[in-house]
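Below: the structure, in structure tokens.
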Amino acid sequence: MTPTFRDSLLKEIPNLRAFAASVSGSIQLADDLVQDTLVKAWANSDKFQEGTSIRAWLFTILRNTYYSLYRKRGREVQDSDGIYAERLASHGAQEGHMDFVDFRKALAQLPEEQREVLIMVGASGLSYEEAADICGVAIGTIKSRVNRARVKLAEILQISSVDDIGPDRRSVAALASGLGDGSS
Amino acid sequence: MRQDVPHERHGTAEPDDEGGELAPRIQRLIGERLRQHYDDLVQAPIPDTIMLLLAQLEAKETEGRQ
């Protein structure tokens, strides 16, 4: 184990947790997943190719672990809003906490395959190509999943149906709040 | 607040169907909310159990080398 490898692992932990929590919907499950991932990564460090993205490599391990071991458990446990929200509230509640919960709930309603790629390319900084490698599908599939995820999110948050059912000001406000989106 | 969002096209539901396109402003909003969600998680303090695990992995390795 080189010190560099260890350091990069360490540096990736917050991202691994964020990805795991977003995919599984549970921060408890996320911590178990991260631990499993670290153990596997440590044991297989010789298989990591220098010069490639360690984040993509770790996400692959985590994702495989999730699908083979945790998904069923995740459905059974189904993190109560409480734990997840509570733990998050304890650190960064600088902006509307309810908004955050609304968005997380919307995210949880997405099909799994859409949610994971949206998080990968829309938040974690992975490229479409890396996401395609991780999921074992074509780049075009990733693009269309991301697109459909966005449309679905807009739908759930009721920002695409203003013409049909009248503006849901609360959702729009929730989505727009705290973004410095100068709506003057 | 009016959004210029084209109505979703119905009918074709191929796996690779691009689906409806969202207005850039909505796309931006969703992107920003998503990153906010993610960054909140990234900034959460790392539990001791995880740091402990790393220390254990390291200790085991050092042991193995001797």
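Going line by line, the protein sequences match chains W and R.
136 is the number that this note's numbering gives to position 102 of the first sequence; each next residue is one higher, with no gaps.
37 is the number that this note's numbering gives to position 33 of the second sequence; each next residue is one higher, with no gaps.
Note that CB positions come from ideal geometry on N, CA and C, so glycine has one too.
Exposure label - residue i; buried when at least 16 CB within 10 Å
i             : result
residue 68/R  : exposed
residue 158/W : buried
residue 66/R  : exposed
residue 163/W : exposed
residue 54/W  : buried
residue 60/R  : exposed
residue 167/W : buried
residue 89/W  : buried
residue 103/W : exposed
residue 55/R  : exposed
residue 101/W : exposed
residue 199/W : Because residue 199/W carries a pLDDT of 38, less than 50, the predicted location of this residue cannot be relied on, and no value is offered for it.
residue 99/W  : buried
residue 46/W  : buried
residue 156/W : buried
residue 63/R  : exposed
Same chain, Cβ closer than 8 Å to residue i, neighbours up to 5 away in sequence not counted
i            : result
residue 77/W : none
residue 74/W : 95 and 99
residue 82/W : 39, 75, 88 and 91
Endpoints, alpha helix (DSSP H) assigned at residue i
i             : result
residue 238/W : The shown model of chain W, from 35 to 218, leaves out residue 238/W, and the question about it has no answer.
residue 85/W  : Element bounds for residue 85/W: n/a, residue is neither H nor E.
residue 25/R  : No alpha helix (DSSP H) holds residue 25/R; DSSP gives it neither H nor E.
residue 71/W  : 61-77
residue 38/W  : 37-58
residue 152/W : 146-156
Cβ separation of residue i and residue j, assumed to be a contact under 8 Å, to the nearest whole Å
i             : j             : result
residue 57/W  : residue 150/W : 5 Å
residue 58/R  : residue 72/W  : 7 Å
residue 65/W  : residue 51/R  : 6 Å
residue 191/W : residue 140/W : 5 Å
residue 152/W : residue 171/W : Residue 152/W to residue 171/W, Cβ: 14 Å. No contact.
residue 26/R  : residue 184/W : 6 Å
Same chain, Cβ closer than 7 Å to residue i, neighbours up to 5 away in sequence not counted
i             : result
residue 50/W  : 68, 71, 92 and 96
residue 142/W : 59
residue 72/R  : The first residue shown for chain R is 5 and the last is 70, placing residue 72/R beyond what the model contains.
Residues of its chain near residue i, where Cβ-Cβ distance is below 6 Å and the 5 sequence neighbours each way are ignored
i             : result
residue 187/W : 140
residue 154/W : 160 and 165
When you check each C-beta in the region 28-48 of chain R against every C-beta of chain W, which residues fall closer than 9 Å?
Going along the region 28-48 of chain R in chain order, one finds 29, 30, 31, 32, 33, 34, 35, 36, 37, 38, 39, 40, 41, 42, 43, 44, 45, 46, 47 and 48 with a Cβ nearer than 9 Å to chain W.
For the region 47-61 of chain W, enumerate the residues whose C-beta is nearer than 7 Å to any C-beta of chain R, in chain order.
Of all residues in the region 47-61 of chain W, 47, 48, 49, 51, 52, 55 and 56 have a Cβ within less than 7 Å of some Cβ in chain R.
Mind checking the region 155-172 of chain W against chain R and listing, in chain order, the residues whose C-beta falls within less than 7 Å of any C-beta there?
Taking a C-beta cut-off of 7 Å against chain R, the contacting residues of the region 155-172 of chain W are 156, 157 and 158, listed in chain order.
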